[in-house]
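Q:
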Amino acid sequence: MLITEILNDLNRDALIDLFGAPAVTAVESNLSEKAGKFYVQCLARNKKIQAKREELVRQLWLHRLVLHYQYPVARLTVEYPITFGRDSSKRADIVVFDSDRPTVPYLVVEVKQGKLKDGKEQLRSYTHATGAPLAMWCNGVQAVTWHRKNPNYFVEIPDIPSAAQTIDDIAGQPWTVDNLIAIEKKREAEGKGARSLKQLIEDMENEVLANAGVDVFEEVFKLIFTKLYDEMYCFRGRHKYLRFRNSNTAAQLKANIQGLFDDARQQWPGVFSEDEKLKLGPEHLQVCVGSLEEWKLFNSNLDVVDEAFEYLVSKSSKGEKGQYFTPRWVIDLCVKMLNPHEAETVIDTACGSAGFTVHAIFHVWKQILQDEGLPVSHLFTMEAKPQRCRDYVQDKVFAIDFDEKSVRVARCLNLIAGDGQTNVLHLNTLDWLKWEERIQQDEDWRDTYGEGWKKFKKLRAVKNDNRTFRFDVLMANPPFAGDIKQSDMLSPYELGHKTNGKLESKIGRDLVIEESLPANIDQDVARITWPDKQHLLPEFVVAYLNSTFGQDRITRYASGMVQHGLSLEKVREIPLPLLSPETQAAIAETVRAALRMRRQAVKNIHESEQTLLRALGLENWQPPEPLTYTRSSCDVFAAGRLDAEHFQPKFDAMLNAIYATGFEVVELANAILPIKNGFDSRLFVEDGTPYIRVGDIGQCRIKIESAARIPISTSEVSKDISLEVDDVLFTRKGSYGNAAPVRSGDEYVVISSEIMLIRRKKQWIEKLLPEYLAMFFNSLAGRYQAEKWAHGVAFYSISQDDLNSFLIPIIPIEAQRQIKQFIDVAEISRRRAAQLLNAAQRAVEIAIETDEVAALAFLNAIDERNSPSP
Numbered sequence: 026m027l028i029t030e031i032l033n034d035l036n037r038d039a040l041i042d043l044f045g046a047p048a049v050t051a052v053e054s055n056l057s058e059k060a061g062k063f064y065v066q067c068l069a070r071n072k073k074i075q076a077k078r079e080e081l082v083r084q085l086w087l088h089r090l091v092l093h094y095q096y097p098v099a100r101l102t103v104e105y106p107i108t109f110g111r112d113s114s115k116r117a118d119i120v121v122f123d124s125d126r127p128t129v130p131y132l133v134v135e136v137k138q139g140k141l142k143d144g145k146e147q148l149r150s151y152t153h154a155t156g157a158p159l160a161m162w163c164n165g166v167q168a169v170t171w172h173r174k175n176p177n178y179f180v181e182i183p184d185i186p187s188a189a190q191t192i193d194d195i196a197g198q199p200w201t202v203d204n205l206i207a208i209e210k211k212r213e214a215e216g217k218g219a220r221s222l223k224q225l226i227e228d229m230e231n232e233v234l235a236n237a238g239v240d241v242f243e244e245v246f247k248l249i250f251t252k253l254y255d256e257m258y259c260f261r262g263r264h265k266y267l268r269f270r271n272s273n274t275a276a277q278l279k280a281n282i283q284g285l286f287d288d289a290r291q292q293w294p295g296v297f298s299e300d301e302k303l304k305l306g307p308e309h310l311q312v313c314v315g316s317l318e319e320w321k322l323f324n325s326n327l328d329v330v331d332e333a334f335e336y337l338v339s340k341s342s343k344g345e346k347g348q349y350f351t352p353r354w355v356i357d358l359c360v361k362m363l364n365p366h367e368a369e370t371v372i373d374t375a376c377g378s379a380g381f382t383v384h385a386i387f388h389v390w391k392q393i394l395q396d397e398g399l400p401v402s403h404l405f406t407m408e409a410k411p412q413r414c415r416d417y418v419q420d421k422v423f424a425i426d427f428d429e430k431s432v433r434v435a436r437c438l439n440l441i442a443g444d445g446q447t448n449v450l451h452l453n454t455l456d457w458l459k460w461e462e463r464i465q466q467d468e469d470w471r472d473t474y475g476e477g478w479k480k481f482k483k484l485r486a487v488k489n490d491n492r493t494f495r496f497d498v499l500m501a502n503p504p505f506a507g508d509i510k511q512s513d514m515l516s517p518y519e520l521g522h523k524t525n526g527k528l529e530s531k532i533g534r535d536l537v538i539e540e541s542l543p544a545n546i547d548q549d550v551a552r553i554t555w556p557d558k559q560h561l562l563p564e565f566v567v568a569y570l571n572s573t574f575g576q577d578r579i580t581r582y583a584s585g586m587v588q589h590g591l592s593l594e595k596v597r598e599i600p601l602p603l604l605s606p607e608t609q610a611a612i613a614e615t616v617r618a619a620l621r622m623r624r625q626a627v628k629n630i631h632e633s634e635q636t637l638l639r640a641l642g643l644e645n646w647q648p649p650e651p652l653t654y655t656r657s658s659c660d661v662f663a664a665g666r667l668d669a670e671h672f673q674p675k676f677d678a679m680l681n682a683i684y685a686t687g688f689e690v691v692e693l694a695n696a697i698l699p700i701k702n703g704f705d706s707r708l709f710v711e712d713g714t715p716y717i718r719v720g721d722i723g724q725c726r727i728k729i730e731s732a733a734r735i736p737i738s739t740s741e742v743s744k745d746i747s748l749e750v751d752d753v754l755f756t757r758k759g760s761y762g763n764a765a766p767v768r769s770g771d772e773y774v775v776i777s778s779e780i781m782l783i784r785r786k787k788q789w790i791e792k793l794l795p796e797y798l799a800m801f802f803n804s805l806a807g808r809y810q811a812e813k814w815a816h817g818v819a820f821y822s823i824s825q826d827d828l829n830s831f832l833i834p835i836i837p838i839e840a841q842r843q844i845k846q847f848i849d850v851a852e853i854s855r856r857r858a859a860q861l862l863n864a865a866q867r868a869v870e871i872a873i874e875t876d877e878v879a880a881l882a883f884l885n886a887i888d889e890r891n892s893p894s895p
């Protein structure tokens, strides 16, 4: 007879997972039926007992204690009387006696339906009455074991000691992350009975922290922060075993965990002050560590920690200032819709616990790992990442919030992702007029947030103006309630005023959005999504909209007198042709092939820069960025510069690093002919000579295909600025410092006055390749020199004299050729990508003009021309 015929609400496999197959089989062999009732032979009492639910679970545990844990039947008893004063009516379901003192309870087991909290309370009283050091509660699908440290505190341990083990063998054995994974799998097998980390924290609050006299948020935050550090650096091999363990005496445990917290605080600065200490007493800390130690906090998206942090922050501030946390499925939806990429900057202007930025980081990391050919595992958040992943977090991801606790939580999560660096800032998005005042006056703020602020302010649309920033992606769920008493905070906003001109008194969601939108000023792109991707492949839609037919439709639906454009309503009205699945699939694959080529080009350019930095020994170089620095008046007058930016220590440190390579270093003026500026034109036509402006100079490439056209040829330009193959173009104004070599076919363009023409002297042609020179300008070494010499008020620029003073290290020609090869391959990939995209667009046009058979034949011919020869 199967036990599940009686316990029909339980799964036999789940019972085997919890009790083991031998115990389940043994109980089933002892089942019998008489007069319509089921009975089971009791292992301890050696007689038949009616097989009610709790009795069956008790028998399962008796057999598991004997078969798995090797306890002799003589040490087991059931219905053990528990005496409270004169009352001895209570009975413990199972008691295991001590091996040396056969009448003293060693383990008390309670088999009960109901809530874990109720069962634990009953066990607390039973162990207090009997003095038993171990207790276990089970409801048939979940089992929890506690070690009674003293009369008042229980500590959860992962398992019962076997008959041959001591309690310390279980509670004190070394653990690695693999142990946490095994425990996690066991919890998952228990299904709905398993507790979440949030529920565990609630239990800690009720039983320990409520009477500990401490700030619950602060102390639990410290423990989670410390455990995250312990897991990550044990997994990465810095430490052999996990150190966040409940072992030794309470005093020793306090010293160990304090030391671990200090290590975490130094590795991930800016979340806790440098002198912060754990404020929980040794006994309270022992209970908390014992409750948390078996939980693996890292997983594929940190959602375990995310939920716990959200709960902690909500305890102290949720709703009071208008904050309400965004459901994580909503965050995932937003991130997937906006689909941020590695090259795009991201900001959340009301970040809370950093849901948007953290999920955006994971989204981009997966793109990078896929591009690098690396797998994404369930320990994705804990694993060491490629440098590209760390660079993305450190340079592209930003967040702001006015609530100090939320900022610290957000910094914690972003510090983990950014390998010790984060750009989460404690600022009030609405009160941007006072940012500079606070930063200048608050030294503690500068110490904590100074590095992130330096990166953040570089994204201003206008220097020294905190109103608008050039971010690519903005995601925020701003607060939408609460009073604002400061009239000066509301005054800059149109939505901060009522219709009668008086100031509003409450934060409105629209008010925060009014402030957030200027942070993302490039808003001329609409994202199109649709639910049925089986009938309309997105790549096919892209090809259609870029074809002559799609562009014609777009032009028809566009409107506007001063600036022609499409409203979102009109975008929805654009009709799309419904081609057969076969044709759509062929076009879509062509588009995907083009996108793969583009990604390969980006990767090759990245490898080119890394090759350059490796040759210079600068691959892992980090700039010094002290908060203050001084220069003598002699230096200032000699440089002819009064601006502090020119004298930043990192610029001199970079030049010293270049000299330290031992390579020959020359001023650019000594290696090139006189620099020329381009030609200024304001007359543009549909079809004419490509006119290259600042935005047309990419990283080591000239984007002729997107350039404006002017009605004159190179020979008709009034100044001699004709290009030659192997010249180098350098942007001098606006987005200054970008450079690209002139390739065959590029020499027939006209360059604007904002671009400088660099041509090498004959004696330097063999020693200084144009591709190397352009990549040097684009690299960190070149950018620092450009930043050093740039000057201006509203728009920065570089003069010819500034550019002539650049110092160029002459690395071995073999390394220069390797850099050139990467750049050449990148350009081939880009051009091939452009050809494939054009082919996809043309296939759409053929399908509409002729038929789909002709379109497929056209694409097949493209494939045959580009397939390798046999």
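Position one of the sequence shown corresponds to residue 26 (the working numbering), numbered consecutively onward. No residue lacks a Cβ here, since even glycine has one placed at the ideal position from N, Cα and C.
(1) Report, in whole angstroms, the separation of the C-beta atoms of isoleucine 31 and leucine 81, which I expect to be a contact under 8 Å.
(2) I'd like to confirm the pairing. Which residues does DSSP put opposite leucine 132 in its beta bridges?
(3) Does the distance from the C-beta atom of threonine 108 to that of proline 130 stay below 8 Å?
(4) Under a three-way DSSP split, which group does glycine 347 fall into?
(5) Check the C-beta distance from arginine 353 over to glycine 377 and give it rounded, since I have them as a contact under 8 Å.
(6) Would you call the segment 563-577 in contact with the segment 869-883, where contact means no fewer than 3 C-beta pairs closer than 8 Å?
(7) Please give the ranges of any beta strand (DSSP E) in the segment 395-453, keeping only runs that are unbroken, at least 3 residues long and fully inside the region.
(8) Cα separation between leucine 881 and arginine 621?
(9) Check each candidate in Pro606, Ile464, Ile823 and name the one with the smallest Cα separation from arginine 808.
(10) Going by DSSP, which residues form a beta bridge with tyrosine 64?
(11) Can you tell me whether methionine 781 is helix, strand or coil according to DSSP?
(12) Whose C-alpha, out of Pro365, Val91, Ala189, is nearest the C-alpha of aspartate 125?
(13) Report the rounded CA-to-CA distance for valine 753 versus tyrosine 797, giving the unit in angstroms.
(14) Below 8 Å on the Cβ atoms is my contact criterion, and I expect isoleucine 776 with isoleucine 735 to pass it. Report the Cβ-Cβ distance as a whole number of Å.
(15) Using three-state DSSP, classify tryptophan 470 as helix, strand or coil.
(16) Assuming alanine 851 and alanine 799 make a contact with CB atoms under 8 Å, what is their CB distance in whole Å?
(17) May I ask whether a heavy atom of the ligand MG can be found less than 7 Å away from the beta carbon of methionine 781?
(18) Checking the sheet assignment: what are the DSSP bridge partners for leucine 101?
(19) Suppose the cutoff is 7 Å on Cβ atoms and the five residues either side in sequence are ignored; what does the same chain contact list for leucine 327 look like?
(20) Under three-state DSSP, which class holds serine 731?
(21) Since valine 314 and asparagine 271 should fall inside the 8 Å C-beta cutoff, what is the C-beta to C-beta distance between them, to a whole number of angstroms?
(22) Decide if glutamate 741 is buried, meaning its Cβ has at least 16 other Cβ atoms within 10 Å, or exposed.
(23) In chain order, what residues of the same chain lie with their CB nearer than 6 Å to the CB of leucine 542, ignoring the 5 residues before and after it?
(24) From lysine 628 to cysteine 725, what distance separates their C-alpha atoms?
(25) Mind checking aspartate 38: buried by the 16 CB within 10 Å criterion, or exposed?
(26) Only counting the same chain, and skipping five residues up and downstream in sequence, which positions put a Cβ closer than 6 Å to that of valine 360?
(27) In the DSSP assignment, the beta strand (DSSP E) including tyrosine 94 goes from what residue to what residue?
(28) Alpha carbon to alpha carbon, how far is serine 804 from glutamate 634? Give it in angstroms, no decimals.
(29) Taking buried to mean at least 16 other C-beta atoms within 10 Å of its own C-beta, is aspartate 577 buried or exposed?
(30) Could you spell out the range, first to last residue, of the beta strand (DSSP E) harbouring proline 715?
(31) Might you give, ordered along the chain, the residues of its own chain that have their beta carbon closer than 6 Å to the beta carbon of asparagine 453, omitting 5 neighbours on each side?
(32) What separation, rounded to the nearest whole angstrom, lies between the Cα atoms of alanine 214 and lysine 145?
(33) Okay, do the segment 246-263 and the segment 284-302 touch, 3+ Cβ pairs below 8 Å being the bar?
(34) Could you please give the first and the last residue of the uninterrupted beta strand (DSSP E) stretch that includes valine 753?
(35) Cα separation between glutamate 209 and valine 566?
(36) Distance check for glycine 165 and leucine 43, CA to CA, integer angstroms please.
A: So, to answer that:
(1) Under the criterion of beta carbons closer than 8 Å, isoleucine 31 and leucine 81 qualify as touching, at roughly 6 Å.
(2) Val121, Leu159
(3) Not closer than 8 Å, so no.
(4) For glycine 347, the pLDDT reaches just 43, beneath the cut-off of 50, and the residue's location in the model is therefore unreliable, although a value from the coordinates is still provided. Three-state DSSP puts glycine 347 in coil, outside helix and strand.
(5) Rounded, the Cβ-Cβ distance is 12 Å, inconsistent with contact.
(6) yes
(7) 422-426, 449-451
(8) Note on geometry: alpha-carbon atoms of leucine 881 and arginine 621 lie some 21 Å from one another.
(9) Ile823
(10) Ser57, Gln75
(11) strand
(12) Of the candidates Pro365, Val91, Ala189, the one whose C-alpha sits nearest the C-alpha of aspartate 125 is Ala189.
(13) 10 Å
(14) With a contact defined as Cβ atoms closer than 8 Å, isoleucine 776 and isoleucine 735 miss out at about 11 Å.
(15) helix
(16) Not really, about 12 Å apart at Cβ, beyond 8 Å.
(17) The model depicted lacks the ligand MG and carries no ligand whatsoever.
(18) Val121
(19) Result list for leucine 327: Val383, Thr406, Leu438, in chain order.
(20) helix
(21) 5 Å
(22) By the neighbour-count definition (other C-beta atoms within 10 Å, threshold 16), glutamate 741 is an exposed residue.
(23) Residue confidence for leucine 542 is low, a pLDDT of 46 falling below 50, so the modelled location carries little weight; the figure read from the coordinates is stated next. Same-chain partners within the cutoff: there are none.
(24) For lysine 628 and cysteine 725, the distance between alpha carbons rounds to 13 Å.
(25) Exposed is the call here.
(26) The residues are His384, Ala385, His388.
(27) It is not in any beta strand (DSSP E) - tyrosine 94 carries neither H nor E in the DSSP assignment.
(28) 6 Å
(29) exposed
(30) 714-717
(31) Around asparagine 453: Phe427.
(32) 22 Å
(33) yes
(34) 753-756
(35) 44 Å
(36) 8 Å
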